[in-house]
Amino acid sequence: MNRTARTLLALTIAALVALGSAQTEINVISFAQGFAFPDLLSEGGTKKSERLLAFEAANGIVVNLEWGDESAVRQKVLNDLIAGTGRYDVILLGTDGAVQTFGYAGYLEPLNAYLESGDYDAWFDLEDIYPSVLEANTVEGNVYGMSYYAFGPGMIYRKDIFDRYGASVPTTMVEFEQAMATIKAGLAADGIRDVYPLTMRAGPGEEPSLDLTGFVYAYAGYPAWFEGGADTVEKIRATKAQPDFTGAFRDGFEAFVRLAREYGPPGIATHTWVDMMNLYSQGKAVVLFPSAINGYAAITSTELQEVVDGSAFAAAPVGPSGEAIQSFWSFSFGINAASRNKDDAMKVLALLTGREALQAFADMTVWPSAPYSSVMRSTTLIERYGEEEVLLNERAMLDSDTHYFPYIPELADFMFQIGTAASQAVSTGDVDRALEELQRWAVQTMTAAGYYRD
Amino acid sequence: MRRLGLLLRFPGAFLAPAILVLASIVLFPTGYLLYLSVRHWVITRPFQYFSGLDNYRLVLTSPSFWGAAQTTLVFIVATVAVTLVLGTALAVALNRPFAGRGVVRALVVLPLLVPPIVAGFTWRFLLNREIGMLGSWILPAVGVEASMLAHPDLAMVSIVIADVWSRTSFMFLILLAALQGIPGSLYEAARIDGASDAQEFVFITLPLLLPAMLVGVIFRAIEAVNTFDLIFVMTQGGPGTATQTLSIYGWRTAFTSFDIGRGAAIAVVMVVFAVLATTVLSRRVLER
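Written as structure tokens, this is what we have:
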């Protein structure tokens, strides 16, 4: 090879390397493989679609999507955040602790500047996104996450079984308990032992807290975790509000435990959303409550036609305070503050959670869980459920008070401990002991965190 | 040649590469764990600082820690005792010649090949009270109406059953190997003297099997202390904290309470307990 040829070869290699390095790699981590992002990935979440490839070519970005089991993903995110390595640029966040805990700790990049710049107006129409969804992703004025799907509270129930036993659709918790008693008696009279009046989740960990604290809110009329209903760092510090788990918190907690024990399946103290969904889809539960989205997942995956035909949606009943039972969650994505390519990460975030992606998700799942009003009211969902049911779901989203639990840095830990206390109480029936232990732990935690120092 | 000569004068130098590798993969993480255990590091709070033995004080005065320690002890004693009894019975039974012995041995060893996480999922579904074959059909038919996994006492029984199923074959293999090392002449002599099967077992098999049993118990106990995946997928430490062992408690402290320092202190305390227990048992083996 002569000198000219060698020079040409070297230049070609250099150009190729330069071309390669011109592309930024954005790493995304998520769960729900083969289920989320149907417009971007096919073949079980492994093959990039034309839309994704076109996006990558237009922006000089390579999107690497890493999938995993939900709890594994949560741990990987946590490890990456505390190590500060910025391995993942776009990360999965839940609004039941991750947004708040990581937001307060400074691990997440605020999105406000991006959203206000106007550069992303084509992706996000903030007027179209339900205010509750944005609120749930906001901590002290900073928006940390954009929602992929979200849900408000409600009740998925077997209308055919309600009709068979003459039970009325409840609008209050008193009526709810009456309906449960009627159905339980009816099932027993018919000798049906493997169908349960109610399915909820009461497994140890953070999951039940999303629903249980919604009970507490509806029974007390406010998030009754701390004295006087203090629900922010400032209010707790200002009033030195002590945890109130053996006080105003008790009524809602006790109601949740009583319903679970009285009308739920025997294994309810270990159940997660997957168990709720499976029981309902197998026709073994009459009511799925209050995270109705899991009921929609059941209806759209069941092979039993009577479950599809016999199911209906109703708004969540109100508690003694006049407030409705709450259950709100958003599956969101945010940007790692340690990411070295935040601007490109924002472009990918827009691709993942922009209106077009959410419409594709709604078209595939047929779940009324869209954070956008226009997607919620789209033809796919109206044709499947009818306008009335879709609007009821929209109302559940609009009426949600996403601050039905306090927004504090320790939220994720509290959610975990409250859920575990619920599991214990449902399993043993000893509400007082579970709440006393929870109260002791909470006082210790808040004191150690310095909330009561002068 | 001169260098080789030098090395031969200091034969320990040949160990240097292995020591370096060991130091990097064992000593560094251990050292880092110790370092973390004396730091105040809660990720929801802004500052990290040296906190001396504060994490250890908090851990050792926490009712949750002692609750988890008690649960761990119950789990270890139950699972090690049952695997020891079953492993011994299987080893003795399958040490005797009979048609199809190889196949039966292979079947007994099979659970060892199943990863604990898969075993945990399998048992979770089997014992599920609403849809599981055991939990919803067979157990109710024999009068067990409660949910095995949701009952605070039966949940512990459930994880012990799953662990025993998964790990008895390990004990079986150790004891079978030891049994095959016992000279047949001892049994022949005993039979000539008119010893019964039970006497052969008590006076020959058991004493000669004891060192192998102690080794098996040490390995199984260490394994039981560290069991995480099987318990996590079956019960997540619940219902409530009924099956929350120290490994689950340590994980929760670090990953859900975000208290990295205290999580590290729990891990160090677990290591200390394990080393102490192992040392006591090992000395017994050596004394024999």
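Protein sequences appear in the order of chains A and B.
Counting in numbering that gives the first Met the number 0, the first sequence runs from 0 upward without gaps.
Counting in numbering that gives the first Met the number 0, the second sequence runs from 0 upward without gaps.
A virtual CB, placed ideally from N, CA and C, is assigned to each residue, including glycine.
Predicted model only: the values in this text are computed from it and were never measured.
- Secondary structure note for Trp-66 of chain A: its beta strand (DSSP E) is the uninterrupted segment 60-66.
- Residues of chain A whose Cβ lies closer than 9 Å to the Cβ of Ala-145 of chain B are, in chain order, Pro-265.
- The stretch 143-225 of chain A is shown to contain whole alpha helix (DSSP H) runs of 4 or more residues at 158-163, 172-188, 206-219, in chain order.
- Here Asp-79 of chain A carries a helix assignment [DSSP, helix/strand/coil].
- As a beta-bridge residue in DSSP terms, Phe-330 of chain A pairs with A:Gly-93, A:Tyr-148.
- Apart from sequence neighbours up to five positions away, the residues of its chain that approach Ser-281 of chain B with a beta-carbon distance below 7 Å are Ile-217, ordered along the chain.
- The Cβ atoms of Ala-433 of chain A and Gln-443 of chain A do not sit closer than 7 Å to each other.
- For the pair of segments examined, the stretch 123-130 of chain B was found not to touch the stretch 188-206 of chain B: the number of CB pairs separated by less than 8 Å stays below three.
- For Phe-312 of chain A, the enclosing beta strand (DSSP E) covers residues 310-313.
- The beta carbon of Thr-231 of chain A is closer than 8 Å to those of Pro-405, Tyr-406, Ile-407 in its chain, skipping five residues each way along the sequence.
- Taking a Cβ-Cβ cut-off of 9 Å, the neighbours of Leu-148 of chain B in chain A comprise Gly-266, Ala-268, Thr-269, given in sequence order.
- If you keep only unbroken alpha helix (DSSP H) runs of at least 4 residues inside the stretch 146-214 of chain B, you get 153-179, 183-191, 196-199.
- For a Cβ distance threshold of 7 Å, residue set Gln-74, Leu-77 of chain A lies close to Phe-254 of chain B, ordered along the chain.
- Taking every protein chain shown into account, the CB of Ser-157 of chain B has 16 or more other CB atoms within 10 angstroms, so this residue is buried.
- The alpha-carbon of Phe-9 of chain B is positioned some 35 Å away from that of Ala-273 of chain B.
- The alpha helix (DSSP H) runs lying completely inside the stretch 33-88 of chain B and spanning 4 residues or more are 53-59, given in chain order.
- Cβ atoms of Val-286 of chain A and Tyr-156 of chain A come within 8 Å of each other, at about 5 Å.
- Taking C-alpha positions only, Arg-236 of chain A is separated from Tyr-55 of chain B by approximately 28 Å.
- Secondary structure note for Ser-373 of chain A: its alpha helix (DSSP H) is the uninterrupted segment 372-375.
- For Ser-29 of chain A, DSSP records a beta bridge to A:Trp-66.
- Per DSSP, reduced to three states, the secondary structure at Ile-18 of chain B is helical.
- A distance below 7 Å between beta-carbons, with the five flanking residues on each side excluded, links Leu-57 of chain B to the following residues of its chain, in chain order: Arg-261.
- Residues of the stretch 194-208 of chain A with a C-beta less than 7 Å from any C-beta of chain B: Gly-202, Pro-203, Gly-204, listed in chain order.
- Here Asp-189 of chain A is exposed: its Cβ has fewer than 16 other Cβ atoms, across all protein chains shown, within 10 Å.
- Boundaries of the alpha helix (DSSP H) around Leu-397 of chain A: 386-398.
- Taking 7 Å as the Cβ-Cβ cut-off, the stretch 41-70 of chain B approaches chain A at Ile-42, Thr-43, Arg-44, given in chain order.
- Closer than 7 Å to the CB of Gln-32 of chain A there is not a single CB belonging to chain B.
- Using a CB distance below 7 Å, no part of the stretch 174-204 of chain B faces chain A.
- Boundaries of the beta strand (DSSP E) around Ala-284 of chain A: 284-287.
- Between Ser-146 of chain A and Ser-329 of chain A, the C-beta gap is smaller than 7 Å, which places the two residues in contact.
- By the beta-carbon neighbour count (other beta carbons within 10 angstroms, threshold 16), Ala-420 of chain A is buried.
- Rounded to the nearest whole angstrom, the C-alpha separation of Leu-33 of chain B and Thr-226 of chain B is 22 Å.
- One finds nothing in chain A with a Cβ atom closer than 8 Å to the Cβ of Pro-115 of chain B; even the nearest lies about 16 Å away.
- Counting along the chain, Met-233 of chain B sits inside the alpha helix (DSSP H) bounded by residues 228-233.
- Of A:Arg-376, A:Ala-297, A:Tyr-106, A:Ala-31, the smallest CA-CA separation from Ala-71 of chain A is found for A:Ala-31.
- Contact of Pro-151 of chain B with chain A is assigned, a C-beta pair being separated by under 7 Å.
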